[in-house]
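Enquirer:
Protein chains in written order, with this note's numbering: chain H, 1 to 498; chain U, 1 to 498.
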């Protein structure tokens with residue numbers, strides 16, 4: 001390197017740091033996410049969903065607004081201007097790229113199209129603890145099928161995904177509702193869908209119902225009426241319904257029954273008088289019939305009137321994948337783990353591109369939240385690497401022979417690596433520790449001449465060190481290390497690991 | 001949806017299109033890439049490389065310049081300003097994020113660190129045919145090991161990756177050189193490394209040597225001397241060497257020998273007088289000894305004096321993974337397929353962050369170019385899905401029973417799906433065609449009562465249609481379809497697919 005370059009580097013030394021709200025991932029966490037993605041992908045594929053990958057960028061005008069919780073088109077996205085003056089945005093979900101893809105290739109695609117996609121999405125939002133500006137989603141959608149078999153299939157597949165990840169029945173539940181029932185309920189309580197205030201009031205009521213899980217019935221009642229002051233003293237304005245209206249909505253969110261049909265019957269009693277309500281009830285009955293025919297009981301797929309699933313663009317069935325075991329929330333309170341994904345039917349997917357309505361239904365699963373759940377449940381088997389063996393280097397001249405030894409270990413199906421640096425024994429042992437190695441192999445000059453190697457069991461060593469409580473004694477401990485004839489090495493290792 | 005919204009959508013209807021220079025991927029192409037990534041990852045993992053994932057963004061000041069072919073720091077990247085005024089860029093390769101990661105976490109990392117990473121990288125460059133602005137790389141690097149065992153390991157691993165993908169020995173070759181030999185050569189021909197023009201002349205000479213494969217020895221001679229006019233009439237200024245100098249460089253790039261040691265000996269004769277040259281020769285000898293000890297012959301790992309590997313930051317061994325079979329280049333000429341990846345040693349990886357030199361060596365493989373090669377070679381086994389069975393729907397009332405049938409087929413290990421739309425039989429058959437289904441199952445009312453289904457072999461049907469050359473006759477063809485008792489269905493399908 002020239003002197004000129006060296007000088008330039010002295011002028012500015014950047015600080016090494018991840019950008020605000022972004023993160024690195026490695027080790028067990030990364031393995032778990034990748035193994036989860038592989039598992040879910042294979043369930044999706046088994047159901048006939050074909051993989052699609054789209055680029056990170058979409059034209060800003062094509063992104064549209066598919067964020068379920070948001071009504072902002074281009075706020076909250078990362079956007080930049082291309083050198084031809086067109087604005088491009090990083091995708092904020094996998095639904096908007098699907099809409100663009102379907103509209104672009106509609107004539108050539110199989111219809112209905114079952115597609116799945118996973119990958120990072122980006123949100124230009126304020127980061128916080130556990131809230132990143134890039135995260136992974138894995139979605140499956142069926143486009144071009146207006147019937148309930150498509151929705152039922154997605155719900156059964158969602159349950160199968162949870163089962164495939166090792167989550168027991170009882171620890172997860174796909175909770176299903178239908179937007180038309182909501183519309184029927186608003187009609188039943190006498191709201192006028194032509195009034196200027198309808199859209200606002202509707203959102204306020206949906207938001208209130210959505211909080212049933214967290215606030216209970218009294219909280220929902222407050223939010224449906226005059227409003228609610230929370231523990232911090234903040235006041236949320238209510239929907240302004242009268243007492244009779246409030247009781248009807250409260251009756252809906254609090255429906256409890258032993259089986260799906262009983263829930264649907266109770267819903268029907270509340271909304272059956274309206275066309276939307278009757279349609280919603282019929283759709284739920286159709287889904288229930290398919291679930292029952294295929295052996296999916298209410299302990300996996302439940303009908304639940306309190307499921308609102310965001311405020312966005314859903315037009316029919318909505319579903320939420322919930323993990324029902326107890327966990328601590330961000331405030332340290334014990335509560336059910338909660339949603340790891342969900343979705344629903346959104347029949348105006350490509351309307352903004354093509355002007356025609358094309359029915360679509362699908363789910364999105366949040367990978368990192370589900371990974372956190374699996375870690376809590378201890379369901380991380382299969383994603384963990386085999387025990388690692390590190391071969392240390394006493395004398396650099398012996399590297400070729402030691403690399404050959406490592407190759408032999410690998411060919412015997414073991415996970416082995418050579419220490420590849422130039423440091424002394426102490427640093428090599430620290431390396432093996434940091435790598436979480438199970439076994440270490442050392443071959444000194446005397447040992448080589450005697451045809452043996454030293455095999456050190458770091459795990460056993462650690463156990464003994466807990467018992468011995470003396471570092472010097474641990475280092476000297478004979479039990480954690482043994483001399484093994486070179487030709488008995490592989491068998492000995494296999495016995496230790498067995 | 002309200003009228004207000006419908007009106008708004010009429011105002012602007014965006015065109016559905018991928019942004020300029022970006023693309024979608026699906027089907028066999030996507031499966032192949034994913035299966036390649038899985039294969040290469042597992043080779044990397046077997047060698048002890050640990051997976052790392054970093055976010056798409058890095059702070060622009062931290063990106064540095066690791067593009068081997070480029071000397072531009074922030075040109076050619078996609079950058080945007082965060083709301084706190086800091087500039088962020090999408091990574092243009094996986095080396096720059098590694099440098100930042102190592103500098104950020106240096107104390108806590110195992111040293112040496114073997115890490116691998118795969119993922120998209122972004123280049124803000126002019127797109128062209130086959131030249132996209134987002135593409136996948138899969139890298140492996142060893143950081144903190146200054147010795148040749150680290151480089152030798154990476155080269156052997158690169159060869160193992162090619163073998164694991166099913167590429168035969170003889171169709172690939174890892175070609176290895178050493179930058180110090182280049183420096184020794186420049187010293188040997190009498191260039192003054194302290195002169196103002198040295199850096200420029202050095203780059204011009206390296207660029208000329210890099211073109212040996214394409215232009216042959218005469219072309220390289222022109223570029224080392226006065227310059228060269230290409231077929232289109234464009235003139236490239238040469239390095240301005242005199243005849244004696246040109247012959248020494250030409251002798252270097254054109255070294256041919258039967259084995260690695262003979263190549264190294266010939267190199268030594270040309271550069272051995274300089275310290276850099278002698279160091280480079282010693283390093284190559286050390287790598288050769290490791291290759292030989294581990295049984296990697298010159299038909300997989302070759303020493304090659306014409307390997308330059310970009311112009312960038314390499315400081316020692318450089319290596320290029322080449323596919324040597326014949327293929328058509330962009331001009332339609334038959335030539336060897338060429339490079340699918342490469343790398344080398346770059347000992348100033350984190351220097352710009354930490355001020356200290358930390359040795360590093362690694363490779364980067366370009367996923368899409370390698371996928372194109374595998375497709376040409378027909379090595380796409382293992383990435384292709386099982387034959388697909390599509391169950392058609394004659395009567396919507398029978399959907400629950402047909403879904404149950406599909407579930408039974410899946411449980412028997414078959415890949416089956418239900419047609420999930422609402423269209424008539426003709427559209428359903430078109431769907432099965434577009435999905436590349438192998439078999440179609442139809443169950444009409446009469447068949448259901450007789451306990452049989454119709455099984456249609458679309459592949460056999462297509463074969464017959466080629467022979468029959470009559471569409472009507474094909475549709476009526478009895479051979480391509482048969483009636484099968486419901487309880488013999490799975491066995492019959494397995495026989496057909498066997």
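Using N, Cα and C, we set each Cβ at its ideal position, and we do this for glycine too. In this text the structure is predicted, and so the values were computed from the model without any measurement.
1. So that I know if they touch, is there some Cβ in chain U lying closer than 9 Å to that of residue 380(H)?
2. State buried or exposed for residue 21(H), treating a residue as buried only when at least 16 other CB atoms are found within 10 Å of its CB.
3. At a Cβ threshold of 9 Å, is residue 257(H) touching chain U?
4. I want to see whether chain U comes within less than 9 Å of residue 16(H), judged by CB atoms only; does it?
5. Which residues in the same chain as residue 222(H) place their Cβ atom closer than 6 Å to its Cβ, once the five residues preceding and following it in sequence are excluded?
6. Under DSSP, the beta strand (DSSP E) around residue 134(H) begins and ends at which residues?
7. What residues in its chain sit with their C-beta under 8 Å from that of residue 57(U), if we drop five residues either side in the sequence?
8. Run down chain H in chain order and give the residues with a C-beta less than 7 Å from the C-beta of residue 54(U).
9. Alpha carbon to alpha carbon, what distance is there between residue 417(U) and residue 158(H)?
10. Would you mind telling me which residues of chain U sit closer than 7 Å to residue 147(H), beta carbon to beta carbon, in chain order?
11. Nearest CA to the CA of residue 143(U): which residue from 198(U), 111(U) and 328(U)?
12. Quick one: does residue 142(U) have its CB under 9 Å from some CB of chain H?
13. By DSSP, does residue 420(H) sit in helix, in strand, or in coil?
14. Tell me where the alpha helix (DSSP H) around residue 97(U) begins and ends.
15. Tell me the DSSP bridge mates of residue 327(U)?
16. Roughly how many angstroms separate the alpha carbons of residue 154(U) and residue 329(U), rounded to a whole number?
17. Interface residues of chain H around residue 150(U) at Cβ under 9 Å?
18. Would DSSP call residue 340(U) helix, strand or coil?
19. Hey, how far is the Cα of residue 194(H) from the Cα of residue 183(H)?
20. Looking at the C-beta of residue 268(U), does it have a partner C-beta in chain H at a distance below 9 Å?
21. In three-state terms, what does DSSP make of residue 351(U)?
22. Could you run through the segment 332 to 366 of chain U and flag, in chain order, every residue whose CB is less than 9 Å away from some CB of chain H?
23. Please list the partners that residue 48(H) has in chain U, where partner means a Cβ-to-Cβ separation under 9 Å.
24. What number of angstroms, rounded off, separates the C-alpha of residue 167(U) from the C-alpha of residue 377(U)?
25. Assuming contact is defined by CB atoms lying nearer than 9 Å, are residue 366(H) and residue 332(H) in contact in what I supplied?
26. Check whether the Cβ atoms of residue 359(U) and residue 369(U) sit closer than 9 Å, and answer yes or no.
27. Does DSSP put residue 159(H) in a helix, a strand or coil?
28. DSSP state of residue 25(H), grouped into three classes?
29. Mind checking which residues open and close the alpha helix (DSSP H) that includes residue 368(U)?
30. Note down, in chain order, all residues in the segment 83 to 114 of chain H with a beta-carbon under 9 Å from any beta-carbon belonging to chain U.
31. Under 8 Å by Cβ, that's how I've got residue 165(U) and residue 39(U) pegged, so tell me the actual separation to the nearest angstrom.
32. Going along the chain, which residues of its own chain have a beta-carbon closer than 7 Å to the beta-carbon of residue 306(H), five neighbours each way excluded?
33. Three-state secondary structure (DSSP) at residue 429(H)?
34. Quick one, which of 246(U), 426(U) and 237(U) has its alpha-carbon nearest residue 218(U)'s?
35. Is it buried or exposed for residue 8(U), if we count other Cβ within 10 angstroms and need 16 for buried?
36. Please state whether the Cβ-Cβ distance between residue 139(U) and residue 118(U) is less than 9 Å.
Expert: Reading it off the structure:
1. By one-based count along the first chain, residue 380(H) stands at place 380. No, no contact with chain U.
2. For this step, residue 21(H) is matched to residue 21 along the first chain. Residue 21(H) should be labelled buried.
3. Position 257 of the first chain, counted from the first residue, corresponds to residue 257(H). No, no contact with chain U.
4. On the first chain, residue 16(H) is found 16 positions in, with the first residue counted as 1. At least one chain U Cβ lies under 9 Å of residue 16(H).
5. As a working mapping, residue 222(H) is identified with position 222 in the first chain. In its chain, beyond the 5 residues on either side, 228 have a beta carbon closer than 6 Å to the beta carbon of residue 222(H).
6. Looking up residue 134(H) in the first chain gives position 134. It spans 134 to 143 - the beta strand (DSSP E) in which residue 134(H) sits, taken as one unbroken run.
7. Position 57 of the second chain, counted from the start, is the residue given in the question as residue 57(U). Within the same chain, residue 57(U) has close Cβ partners 88, 89, 90 and 91.
8. Start at 1 with the first residue of the second chain, and residue 54(U) comes out as number 54. Proximity of chain H to residue 54(U) at the Cβ level (cut-off 7 Å) is accounted for by 24, in chain order.
9. As a first step, residue 158(H) is located in the first chain; it is residue number 158 there, counting from the start. As a first step, residue 417(U) is located in the second chain; it is residue number 417 there, counting from the start. Take the alpha-carbon of residue 158(H) and the one of residue 417(U): they are about 16 Å apart.
10. In the first chain, counting from the first residue as 1, residue 147(H) sits at position 147. Neighbours of residue 147(H) on chain U, chain order: 422.
11. To locate residue 143(U), count along the second chain from 1; it is residue 143. Residue 143(U) has its Cα closest to that of 111(U), out of 198(U), 111(U) and 328(U).
12. Reading the second chain from its first residue, position 142 is the one you call residue 142(U). Yes, residue 142(U) lies at the interface with chain H (some Cβ there is under 9 Å from its Cβ).
13. In the first chain, counting from the first residue as 1, residue 420(H) sits at position 420. Under the three-state reduction of DSSP output, residue 420(H) falls in the coil class, being neither helix nor strand.
14. On the second chain, residue 97(U) is found 97 positions in, with the first residue counted as 1. Membership of residue 97(U) in the alpha helix (DSSP H) is indicated by the continuous run 95 to 105.
15. For the purposes of this step, residue 327(U) is identified with residue 327 of the second chain, where counting begins at 1. Partner(s): 335(U).
16. On the second chain, position 154 is the one that residue 154(U) refers to. On the second chain, position 329 is the one that residue 329(U) refers to. If you draw a straight line from the Cα of residue 154(U) to the Cα of residue 329(U), it comes to about 28 Å.
17. As a working mapping, residue 150(U) is identified with position 150 in the second chain. Going along chain H in sequence order, the residues near residue 150(U) (Cβ under 9 Å) are 420 and 421.
18. Here residue 340(U) refers to the residue found at position 340 of the second chain. It is a strand residue.
19. Within the first chain, numbered from 1, the residue matching residue 194(H) stands at position 194. Within the first chain, numbered from 1, the residue matching residue 183(H) stands at position 183. So the alpha carbons of these two residues sit roughly 13 Å apart.
20. The sequence position of residue 268(U) within the second chain is 268, counting from 1. Residue 268(U) does not count as touching chain H.
21. Start at 1 with the first residue of the second chain, and residue 351(U) comes out as number 351. Reduced to three states, the DSSP call for residue 351(U) is helix.
22. Cβ contacts with chain H come from 348, 350, 351, 352, 353, 354 and 355.
23. Locating residue 48(H) in the first chain gives position 48, where the first residue counts as 1. Ordered by position in chain U, the residues that pass the 9 Å Cβ test against residue 48(H) are 388, 390, 406, 415, 416, 417, 418, 420 and 435.
24. Counted from its first residue, the second chain places residue 167(U) at position 167. Counted from its first residue, the second chain places residue 377(U) at position 377. Cα to Cα, residue 167(U) sits roughly 8 Å from residue 377(U).
25. For the purposes of this step, residue 366(H) is taken as residue 366 along the first chain, with counting starting at 1. For the purposes of this step, residue 332(H) is taken as residue 332 along the first chain, with counting starting at 1. Result no, Cβ atoms of residue 366(H) and residue 332(H) do not sit closer than 9 Å.
26. Mapped onto the second chain, residue 359(U) falls at position 359. Mapped onto the second chain, residue 369(U) falls at position 369. Not closer than 9 Å, so no.
27. Counting from 1 along the first chain, the entry for residue 159(H) is found at position 159. Residue 159(H): helix per DSSP, three-state reduction.
28. Taking the first chain and counting its residues from 1, the one referred to as residue 25(H) is at position 25. DSSP places residue 25(H) in strand when its eight states are reduced to three.
29. One-based indexing of the second chain puts residue 368(U) at position 368. It spans 367 to 377 - the alpha helix (DSSP H) in which residue 368(U) sits, taken as one unbroken run.
30. For the segment 83 to 114 of chain H, which is checked against every Cβ of chain U, the residues closer than 9 Å are 83, 84, 86, 88, 90, 97, 99, 100, 101, 102, 103, 104, 105, 106, 108, 109, 110, 111, 112 and 114.
31. Counting from 1 along the second chain, the entry for residue 165(U) is found at position 165. Counting from 1 along the second chain, the entry for residue 39(U) is found at position 39. Their Cβ separation, rounded to whole angstroms, is 6 Å, which keeps residue 165(U) and residue 39(U) in contact under 8 Å.
32. For the purposes of this step, residue 306(H) is taken as residue 306 along the first chain, with counting starting at 1. Contacts found: 209, 212, 213 and 253.
33. The sequence position of residue 429(H) within the first chain is 429, counting from 1. The DSSP-derived three-state label of residue 429(H) is helix.
34. The residue labelled residue 218(U) in the question sits at position 218 within the second chain. Out of 246(U), 426(U) and 237(U), 246(U) has the C-alpha closest to the C-alpha of residue 218(U).
35. Start at 1 with the first residue of the second chain, and residue 8(U) comes out as number 8. Caution is warranted here: a pLDDT of 46 is assigned to residue 8(U), below 50, making its placement in the model unreliable, and no coordinate value can be reported.
36. Within the second chain, numbered from 1, the residue matching residue 139(U) stands at position 139. Within the second chain, numbered from 1, the residue matching residue 118(U) stands at position 118. Yes, these two residues count as a Cβ contact at 9 Å.
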